[in-house]
Structures are given as C-alpha cells and as structure tokens.
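The opening residue of the sequence shown carries number 453 in my numbering; numbering runs sequentially from there. In this text, a Cβ means the ideal position worked out from N, Cα and C, and glycines have one as well. Notes follow the structure.
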Amino acid sequence: MRMIRRPSMSEVPCRKRDDYLEWPEYFMAVAFLSAQRSKDPNSQVGACIVNAENKIVGIGYNGMPNGCSDDLLPWRRTAENILDTKYPYAEALPKLHHKIANTQKDKGIL
C-alpha cells in the first residue's frame with residue numbers, strides 16, 4: 453500500500469482569494485435575491501440599501517407592506533376601474549418608502 457503525503461501547513465500557499473465579489477456586485481446580488489420574493493407576476497424588483505460603511509441597512513422587494521396580504525392586492529395591469537389594478541398601490545408605496553428613507557437619513561441611520 454502506498455502512503456500519500458499531505459503537505460504541511462507551511463507548504464500550503466496562504467493568500468486570500470482574488471475571485472470574490474466586490475461590494476457593488478454583492479449588493480446587487482442581494483437585491484436580485486430579494487426580488488425573487490415578489491409575488492407580482494409582471495415585475496420583480498429588489499432593493500438593498502447600504503450605508504457608507506458598506507453595511508446593509510435595508511432590504512426589500514415590491515410587494516405589500518408587512519401585515520397586508522399579497523393575496524388581496526389586485527395584480528392586473530389594466531381594468532375598467534383603476535382600483536382593480538396594482539397601480540394605486542404600486543404608486544403609493546414608493547412615496548411612503550421615500551418618506552421613511554428621508555426620516556431615517558435625518559436621524560443619521562442612512
């Protein structure tokens with residue numbers, strides 16, 4: 453039987469990987485993964501909010517706010533009555549998110 457010699461720790465090169473994701477690619481991947489949670493059959497949008505220290509301070513996707521059922525949102529793009537489409541809700545939510553983000557920025561969180 454032949455013995456296989458394993459290299460000692462001092463013989464193994466010790467350097468970091470150079471094929472890792474840079475910060476922008478990492479955060480885009482997080483946003484892409486978040487978008488996969490969207491129930492919208494037409495568009496899936498994810499977001500990853502990052503502060504100056506490259507720390508994630510928020511992740512989200514297009515869907516109903518917490519506590520609201522995605523089953524109750526009309527997902528249609530067109531209907532006789534605009535309230536039977538997703539747009540009244542889709543247009544209101546970004547305004548709310550913008551207001552929340554500005555509040556967080558004023559408090560120094562973002």
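So residue i packs on residue j, CB below 8 Å; how close in whole Å?
i: Ser486; j: Gly512; result: 6 Å
i: Ala483; j: Cys466; result: So it is not a contact: roughly 34 Å between Cβ atoms.
i: Asp522; j: Lys491; result: 4 Å
From residue i to residue j, what does the alpha carbon distance come to, in whole angstroms?
i: Pro540; j: Ile534; result: 7 Å
i: Val398; j: Leu473; result: Lying before the first or after the last residue shown, residue 398 is absent from the chain, which here runs from 453 to 562.
i: Cys520; j: Ala531; result: 22 Å
i: Gly498; j: Tyr478; result: 13 Å
Starting from residue i, trace the alpha helix (DSSP H) both ways and give me its first and last residue.
i: Ala487; result: Trp475 to Ala487
Taking the beta strand (DSSP E) that residue i belongs to, which residues open and close that run?
i: Val509; result: Ile508 to Tyr513
i: Ala504; result: From DSSP, Ala504 is part of no beta strand (DSSP E); its letter is neither H nor E.
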